[in-house]
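Asks: In this text, residue positions in the sequence shown follow the working numbering: the first is 8, and each later residue adds one.
We put the beta carbon where it would ideally sit given N, CA and C, even for glycine.
Have a look at this one.
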Amino acid sequence: MRPFKQVDVFTAVPYCGNPLAVVLDGDGLSSDEMQQFANWTNLSETTFVVPPTEPAADYKVRIFTTDVELPFAGHPTIGTCHAWLEAGGHPKNPGMVVQECGVGLVTLRQDTQLAFAAPPLMRSGPVDTADLADTCAVLGISPVDVVAAAWADNGPGWIAVELADADAVLALEPDMSARPDYKIGVVGAYPPGGPAAIEVRALFKMGSGPGAEDPVTGSLNAALAQWLLGSGRLSSPYVASQGTVLGRAGKVSVEQSDGEVWIGGDAVTCVDGNVDL
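Right under this line is the structure:
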């Protein structure tokens, strides 16, 4: 039996964020065994904590979707760190946790929330006419409805689209089958005094799989933050809302300091026990 937690990430209220399965002792499991269990949990991601190979790391995490392993993802990073700390993990440096994963070492800081330093964008800049047309076909809108669009790719391949306001984002009725492959992040601002600075939606489809909407997405919010802050569209700090149309109430905190963009959020444990693996 191996210690196991299922945590809800980017929320302090159980069942209102993005769930994550965490196997706290994955040592000795093969990649195939990890993948099979991740497929069985049927969550967007399942993680396995294993001994680190880098001396500076506090632990190593392997991150799996239902069918592939990922080098990095945001909500699994915060959720795994929350589970590791709650299970008695002690970082080498108080107040700072260093996670080893496929992209290397990721630093998380412990404050009122856990927050990770956003990885650098691998691709940025304008979206060409053809890519924008494909994106708008999925969103069910015309290119004239787009305020701005850019590549905001920190690994998954996100195209970021800004609409007129948060209401326009919430009103989208996407056609998930319009294109065979896409990763789209949509953002629109709330008026002053609103529930957050912006509303975010994350839509994705890969190959033959069905299109889906992610409840709350750390990697997308990290990429959007670098685009929005870098272009002067928003100032730091701010809070992003995500998952509203799915009945969730995700909140992602964004702060720019010390030359880094930090992506933070709450996490709460919903299931705590053991799993037979």
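Classify Q120 as helix, strand or coil using the three-state DSSP reduction.
Replies: Of the three classes helix, strand and coil, the one that applies to Q120 here is coil, per DSSP.
Asks: DSSP state of C277, grouped into three classes?
Replies: Reduced to three states, the DSSP call for C277 is strand.
Asks: Look at the alpha carbon of K286 and the alpha carbon of D265, and state the distance between them as a whole number of angstroms.
Replies: The requested residue 286 does not occur in the structure, where the chain is confined to residues 8 to 284.
Asks: Can you give me the start and stop residues for the beta strand (DSSP E) that M41 sits inside?
Replies: No beta strand (DSSP E) contains M41, which is instead part of the alpha helix (DSSP H) from 38 to 48.
Asks: Which residue marks the beginning of the alpha helix (DSSP H) containing W91, and which one marks its end?
Replies: Run containing W91: 81 to 93, per the alpha helix (DSSP H) assignment.
Asks: I'd like the span of the alpha helix (DSSP H) that includes D138, first residue to last.
Replies: That run of the alpha helix (DSSP H) goes 136 to 146.
Asks: From P10 to T18, what distance separates their C-alpha atoms?
Replies: Distance between the alpha carbons of P10 and T18 is about 23 Å.
Asks: By the three-class DSSP mapping on this structure, what secondary structure does T2 have?
Replies: With the chain running from 8 to 284 in the structure shown, residue 2 is simply not present.
Asks: How would you write the range of the beta strand (DSSP E) that L210 sits in, first residue to last?
Replies: Unbroken beta strand (DSSP E) run through L210: 205 to 212.
Asks: Can you give the beta carbon distance from C277 to D15, rounded, assuming they're within the 8 Å contact cut?
Replies: At roughly 5 Å, the Cβ-Cβ gap stays under 8 Å, so C277 and D15 are in contact.
Asks: Quick check: what's the CA-CA separation for G6 versus M8?
Replies: Given that the chain is displayed from residue 8 to residue 284, the structure contains no residue 6 and the question cannot be resolved.
Asks: If you compare alpha carbons, which of A173, A175, L210 is closest to D188?
Replies: For D188, the nearest C-alpha among the options comes from L210.
Asks: Give me the Cα-Cα distance between L92 and L231, rounded to the nearest whole angstrom.
Replies: L92 and L231: Cα-Cα distance of roughly 28 Å.
Asks: Could you check whether I148 and A156 sit closer than 8 Å to each other, using their CB atoms as the reference points?
Replies: No, these two residues do not count as a Cβ contact at 8 Å.
Asks: With respect to the alpha helix (DSSP H) encompassing L235, which residues constitute its N-terminal and C-terminal limits?
Replies: Segment 225 to 237, the alpha helix (DSSP H) holding L235.
Asks: DSSP puts D160 in a beta bridge; with which residues?
Replies: Per DSSP, R130.
Asks: I believe I205 touches L146 by the beta-carbon criterion, under 8 Å. Please report the beta-carbon distance rounded to the nearest angstrom.
Replies: Not quite, the Cβ-Cβ distance comes to about 16 Å (not below 8 Å), so this is no contact.
Asks: Counting only the same chain and skipping the five closest in sequence on each side, list residues whose C-beta sits under 7 Å from that of L177.
Replies: Closer than 7 Å at Cβ, skipping near neighbours: E206, T251, V252.
Asks: If you draw a straight line from the alpha carbon of T73 to that of L36, how long is it in whole angstroms?
Replies: Rounded to the nearest angstrom, the two C-alpha atoms are 17 Å apart.
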